[in-house]
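*Asks:* Below you will find the structure I want to go over with you.
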Amino acid sequence: MTFRRRLDRILSFGKGWQLLYLAGVALCVFILLYLIAVVMGWGFKWQDILGLYLDAGNFSGAGQHDWFRLIVTFSGVILVSSLLITVFNNIIDNVSQSVKAGYTRYRVRGHILIIGSGKELFSILSALREQGGKEEIVILTHREVEPLEDSLRSAFSDPKFLSRLIFYRGARNNYREVEAARPQYASKIYLLGEDREKDHDSLSIECCDHLKKVCEKADKDIPCFTFLENGSTFEVYMHDDKPLSTPRLKIDLLSSREYSAEQIIAWSWFLPLLTVNDPRTSHFIILGTGPMAKAVAFSVAHNSHYPALPDGRPRKTLITVIGKGMREWLDNLTASREKLFSLSSYSYISGDGTTKRHDPERDILDIEWEFIEGCDSSPLAREYIRAAALSHDTQSVRIAACHSREEERIASVLHLPREVFDKERPVPVCIYLEEGGQTIRQAIGSGNYGKIFIFGPSEGAKGDPLLEHHSARGMLINGIYAAAVRGKENVNDFTQAWYERSEADKFSSLYCANALVFRWECFDTDSPDREPLYEAEHRRWMTSKLLMGLDHSCIMPYDELPDRKIRQHRFIIDEMLAVIKDSKEEADGK
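Using the working numbering, read the sequence shown as starting at 8 and increasing by one per residue.
Here it is in structure tokens:
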């Protein structure tokens, strides 16, 4: 390495080395000048040399050896003044660049730690801004920090809120980077990961392991909401009966796509509300076979459990999926949920209209499936959708656009048969959007496209963006279930009971909680006969277990259940109805 490269490297590397290098050069020059004066016998004391070297004001008036004194003075001006200014400028530049690039770390406490800049980031930050807190928000991402900071500054014009944001650049699967974010001192952690990255779930699981280790030092419990993307990852956790949390790090797993689907299916009133006197059935049509299609289909199946029809027949929900490559998609789906589809009625309709149907030996589920080959713009698909839109008297229809690409979803919605957008009886349509969606918003504003609803990251997490109530719903059901099994007197701390459960048990409780509020509106909860509610909960429970890829000895008709399981269903429903009723009365009182 040349002297110039070595010098540039030292001056640009760090402020400590810069100062040491400057001091060394200045000292060497001073010693050299003093030795020259001694060798030449000019009678200079070292104090004289030092005075001229450090302060040019000492060079005044005529004297002996003025040329040498001038050299000493100029050497001091150049080295001690000019180079010192240059080094301090370098130091300031380095600090500034380090902060902007996200390489500077701070000793923060009580902060909110967000790991990753995934699609959930904006809605979380929006909610934190609305809360108006003062805690610092640390965002650790392996992507370039400056573009991210610029985009957030454009989105949030609140200087006070922006001053709370601290950006770190680093890999979340690197232990030292995670440790430097000081998660053990955080008030809560959101583990998002990055959008469209390879090995998203593997990196997040590795990050979880690092967080567990670092948070062993914590002096309080720290909630950690972890988003995963791959359905296969969840299947692994569904078959693991060990709790994921540690004594200090309280982990809740979330599926990014399933969470988005829940926003429209479970936490809004998009699904049909069909009461005991309504003669119609529910028909949910999903357009596309993108990753969101499966999440929406499963969310519909978790929640669509209705009273029997007025004539006493079971009221079944039909879920139809229309898309290209349907045969392969269906094969993958049935392979991943073999038990579910062995017990389900489902049909595959090929592009030429040929139907192949599967009927189970025993018909015990209230969800039916239909899979249609071809794009939704094909004549077969358009005629199917048109006929469904006109079947007002027998079906309550909903449509969801879930193609892989956003432009496909938008085009699909705008080009639906006009019967869907009938001004008198429009069919509600929802579309998954990750970004923008101004075209759809313009269409909604025109009033010519019936009832279109947007869900997904572009809309944020409605009602619970910070997930403060997400776990609470599951905790309540889990606590009630534990009380049913162990007795009320043996369950005191619902939070502790929650984090002692496996992720499969926690998700089972969440599915139950999500479905109960919707079911409250469909059933006569004031009736002294609650058997229809108990039976519907059993249908929901069976479907949820099978959708999770699990099997159970109690997957059987309600009237064949052992008394123990019937008592559990009854206890959960009775206790939850009491909670919901109290909440409604409290809200009405306010």
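Heads up, the beta-carbon is just placed ideally off N, CA and C, and yes, glycines get one too.
(1) My assumption, with CB atoms under 8 Å, is that LEU350 sits in contact with ILE371. Please give the rounded CB distance.
(2) What span of residues does the beta strand (DSSP E) with SER267 cover, start to end?
(3) What are the partner residues of LEU198, as DSSP defines its beta bridges?
(4) From GLU137, GLU390, SER209, pick the residue whose C-alpha is nearest to that of GLU426; which is it?
(5) With C-beta atoms as the reference, is CYS231 less than 8 Å away from LYS257?
(6) So which of ARG116, GLY444, TRP376 has the shortest CA-CA distance to THR324?
(7) Between the stretch 340–359 and the stretch 568–577, are three or more C-beta pairs nearer than 8 Å?
(8) Helix, strand or coil for GLY452 per DSSP?
(9) In the structure shown, what three-state DSSP assignment does ASP226 receive?
(10) Let me check one thing: in DSSP terms, what residues is LEU437 bridge-paired to?
(11) Using a 10 Å radius around the Cβ and a threshold of 16 neighbouring Cβ atoms, would you call LYS430 buried or exposed?
(12) Indicate the three-state DSSP secondary structure (helix, strand or coil) for GLY330 in the structure shown.
(13) Could you name the residues of the same chain whose beta carbon sits closer than 7 Å to that of THR550, not counting the 5 residues immediately before and after it, in chain order?
(14) Start and end of the beta strand (DSSP E) containing ARG364?
(15) Could you pull out every residue in the same chain whose Cβ sits closer than 7 Å to the Cβ of HIS217, ignoring the five residues on either side in sequence?
(16) Report the rounded CA-to-CA distance for SER465 versus VAL84, giving the unit in angstroms.
(17) Exposed or buried, GLY436, counting other C-beta atoms within 10 Å across all chains shown (16 or more means buried)?
(18) Between the C-alpha atoms of ARG11 and ASP228, what's the straight-line distance to the nearest angstrom?
(19) Are the CB atoms of SER419 and ALA408 within a distance shorter than 8 Å?
(20) Quick check: the Cα distance between TRP548 and ASP157, rounded to an integer number of angstroms?
(21) Can you name the start and end residues of the beta strand (DSSP E) that ASP288 belongs to?
(22) Taking just the CA atoms, how far does THR502 sit from PHE578?
(23) For THR148, which of ALA44, GLY177, GLY454, HIS559 has the nearest alpha-carbon?
(24) Once you ignore the five residues that flank HIS207 on each side, which residues in its own chain have a CB closer than 8 Å to its CB?
(25) Taking ASP62 as the reference, which of SER88, LEU316, TRP53, TRP74 has the closest Cα?
(26) Roughly how many angstroms separate the alpha carbons of HIS246 and LEU557, rounded to a whole number?
(27) Which residues in the same chain have their Cβ closer than 8 Å to the Cβ of ILE56, if we skip the five residues on either side of it in sequence?
(28) Looking only at its own chain, which residues have a Cβ that is under 6 Å from the Cβ of GLU544, when we skip the five neighbours before and after it?
(29) Using the DSSP secondary-structure output, state which residues sit across from GLN402 in a beta bridge.
(30) If we call anything under 8 Å between Cβ atoms a contact, is SER403 one with ARG287?
(31) What do you get for PRO317, buried or exposed, if any count of 16 or more other CB atoms within 10 angstroms of its CB means buried?
(32) Thinking CYS215 and THR233 are a contact (beta carbons under 8 Å), I'd like their distance in whole angstroms, please.
(33) Can you find the residues in the same chain that come closer than 6 Å, C-beta to C-beta, to ALA225, ignoring five residues on each side of it along the sequence?
(34) Just the Cα atoms here: how many angstroms apart are GLY139 and ARG171?
(35) Keeping to the same chain, check which residues put their C-beta closer than 6 Å to that of LEU473; ignore five residues upstream and five downstream.
(36) Do TYR175 and ILE146 have their C-beta atoms within less than 8 Å of each other?
*Replies:* On the basis of the data shown:
(1) Confirmed, Cβ separation roughly 6 Å.
(2) In the DSSP annotation of this structure, SER267 is not part of any beta strand (DSSP E); the continuous alpha helix (DSSP H) holding it starts and ends at 263–272.
(3) Secondary-structure assignment with DSSP links LEU198 through a beta bridge to ILE122, THR233.
(4) Checked all of GLU137, GLU390, SER209; the closest Cα to GLU426 is GLU390.
(5) In this structure, CYS231 places its C-beta atom within 8 Å of the C-beta atom of LYS257.
(6) Measuring C-alpha to C-alpha distances from THR324 to each of ARG116, GLY444, TRP376 identifies TRP376 as the nearest.
(7) Contact between the stretch 340–359 and the stretch 568–577 is absent, with fewer than three C-beta pairs closer than 8 Å.
(8) Of the three classes helix, strand and coil, the one that applies to GLY452 here is helix, per DSSP.
(9) In this structure, ASP226 counts as coil in the three-state DSSP scheme.
(10) According to the sequence shown, residue 437 is Cys rather than Leu. As computed with DSSP, CYS437 is found in a beta bridge with ALA407, PHE460.
(11) Exposed: under 16 other Cβ atoms inside 10 Å.
(12) Three-state DSSP puts GLY330 in a strand.
(13) Here the set comprises ALA308, HIS309, LEU372, ILE374.
(14) Start and end: 362–365.
(15) So the qualifying residues of the chain are TYR182, VAL185.
(16) Between SER465 and VAL84, the alpha-carbon positions lie close to 60 Å from each other.
(17) The sequence as given places Val at residue 436; Gly does not occur at that position. The residue is buried, with at least 16 neighbouring Cβ atoms inside 10 Å.
(18) Confidence at ARG11 is low in this model, with a pLDDT of 47, below 50, so the placement of that residue is unreliable and no value is reported for it.
(19) In this structure, the beta-carbon distance from ALA408 to SER419 falls below 8 Å.
(20) Spanning the two alpha carbons is a distance of roughly 47 Å.
(21) Here residue 288 is Thr; the residue named in the question, Asp, does not match the sequence. Here the beta strand (DSSP E) through THR288 covers 288–294.
(22) In this structure, the alpha-carbon of PHE578 lies about 20 Å from that of THR502.
(23) Out of ALA44, GLY177, GLY454, HIS559, GLY177 has the C-alpha closest to the C-alpha of THR148.
(24) Excluding positions up to five away in sequence, the list reads GLY200, GLU201, LEU235, GLU236, ASN237.
(25) With respect to the C-alpha of ASP62, the residue from SER88, LEU316, TRP53, TRP74 having the closest C-alpha is SER88.
(26) Each residue's CA atom was taken as its position, placing HIS246 and LEU557 some 8 Å apart.
(27) Only PHE37, LEU40, TYR41, ALA44, VAL79 meet the Cβ criterion.
(28) Counting only Cβ-Cβ distances below 6 Å, and skipping sequence neighbours, we find HIS576, ILE580.
(29) THR288, per the DSSP bridge assignment.
(30) In this structure, ARG287 lies closer than 8 Å to SER403 by Cβ.
(31) It is exposed - the Cβ of PRO317 has fewer than 16 other Cβ atoms within 10 Å.
(32) Contact holds; Cβ gap of about 6 Å.
(33) If we look at ALA225 and ignore the five residues flanking it on each side, its Cβ neighbours are GLN191, ARG255.
(34) Using only the alpha carbons, I get a separation of about 11 Å.
(35) Correct list, in chain order: ALA134.
(36) Result yes, Cβ atoms of TYR175 and ILE146 sit closer than 8 Å.
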